[in-house]
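Below you'll find the structure, written out as structure tokens, and then a few comments.
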Amino acid sequence: MHQHAARLLRASASGDPIEIGDFERFVTSVKRLRLELATVQRELADTLFNLDPLTGTRSRTSLLTGLREQRELVRRGVQPCALAMMDLDHFKAINDKYGHATGDKVLIYFARHIIMHLRPYDKIFRFGGDEFLIFMPDADLKAGRDVVDRLREELGALRIDANGKEMFQVTVSFGLTLLDPDIPVEQSIDRADNALYVAKAMGRNRVIVWNDSMSASPAGSV
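When the letters of the sequence shown are read in order and numbered with UniProt numbering, they come out as residues 1 to 222.
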């Protein structure tokens, strides 16, 4: 665009007639620039709208849309996708003992760690409260378990500063499943949540993979 504008300005300054082709190319470049700016503006707005204001993770607003798009890739055999529901163990006790400000600090700290240590194409959503949903494209159950088991160990080893008074640690539990192309994505989320419920019932600080026997398990929250 700058080159086209400079050519027009030089022609105008020297009194030469402006070629129609030069003017049309300038107009076209201006339109292209406006389109690119509008695209960037829309992407920025979507990003801000879809981010959880506390943790900086994606919010539930775009969760189902993203999962449905991913389910189509699974259905066409392009790639599998693992889903993991994560929950902080005994989080209510943390809020009760140290206060909600410290509880928020834990959520922020953990969310940032996960964002920095996921694979570049994995996504994390704040599902609600202290629950997060991670979906991992191009990951089968083994690869997905490797990712979340590593995260579980890393998060459990983090030391949290409670208002400068004492340090404490928080463990996490995961429920893992595959995104099933033959059922609604909401049902796949339910499976991950049911597996998480079993992980909690079995003592927490573990990864449990969903199986058919868990279909009737009462999920903690969906």
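The beta-carbon is built from N, C-alpha and C at its ideal position, and this holds for glycine as well.
- Look at isoleucine 183 here: in three-state DSSP terms it is coil, with no helix or strand label.
- Inclusion of serine 173 and leucine 141 in the CB contact set at 8 Å is not warranted, their separation being larger than that value.
- For threonine 102, the enclosing alpha helix (DSSP H) starts and ends at 100 to 117.
- Under the three-state reduction of DSSP output, valine 172 falls in the strand class.
- Put simply, the backbone Cα of glutamate 69 is about 42 Å away from that of methionine 167.
- With contacts defined by Cβ atoms closer than 8 Å, leucine 176 and valine 209 form a contacting pair.
- Rounded to whole angstroms, tyrosine 98 and leucine 118 show a C-alpha spacing of 29 Å.
- By the criterion of at least three beta-carbon pairs nearer than 8 Å, the segment 180 to 194 is not in contact with the segment 141 to 154.
- Taking C-beta atoms as the reference points, leucine 155 and aspartate 130 fail to come closer than 8 Å.
- Look at arginine 76 here: in three-state DSSP terms it is coil, with no helix or strand label.
- For leucine 88, the uninterrupted beta strand (DSSP E) segment begins and ends at 81 to 88.
- Taking all protein chains in view, the Cβ of aspartate 104 is surrounded by fewer than 16 other Cβ atoms within 10 Å, so the residue is classified as exposed.
- Residue pairing from DSSP places glutamate 131 in a beta bridge opposite Asp87 and Gly128.
- Phenylalanine 125 is positioned such that its CB atom lies no closer than 8 Å to that of methionine 86.
- Collapsing the DSSP output to three states places threonine 177 in a strand.
- With a cutoff of 8 Å on beta-carbon distance, leucine 51 and arginine 58 are scored as near each other.
- Taking C-beta separations shorter than 6 Å and ignoring five residues to either side along the sequence, the partners of lysine 200 in its chain run Ser173, following chain order.
- Inter-residue distance for tyrosine 109 and glutamine 79 is about 31 Å (C-alpha atoms, whole angstroms).
- Excluding residues up to 5 positions away in sequence, Val185 lie with their Cβ nearer than 7 Å to the Cβ of leucine 64 in the same chain.
- Annotated three-state conformation of lysine 165 is coil, per DSSP.
- For alanine 82 against leucine 178, the beta-carbon gap comes to about 6 Å, under 8 Å, which counts as contact.
- Excluding its 5 nearest sequence neighbours in each direction, glutamine 169 has C-beta neighbours in its own chain below 8 Å: Gly156, Ala157, Leu158, Arg159 and Ile160, listed in chain order.
- The C-alpha of serine 215 lies about 32 Å from the C-alpha of proline 120.
- DSSP lists Phe135 as the beta-bridge partner residues of lysine 123.
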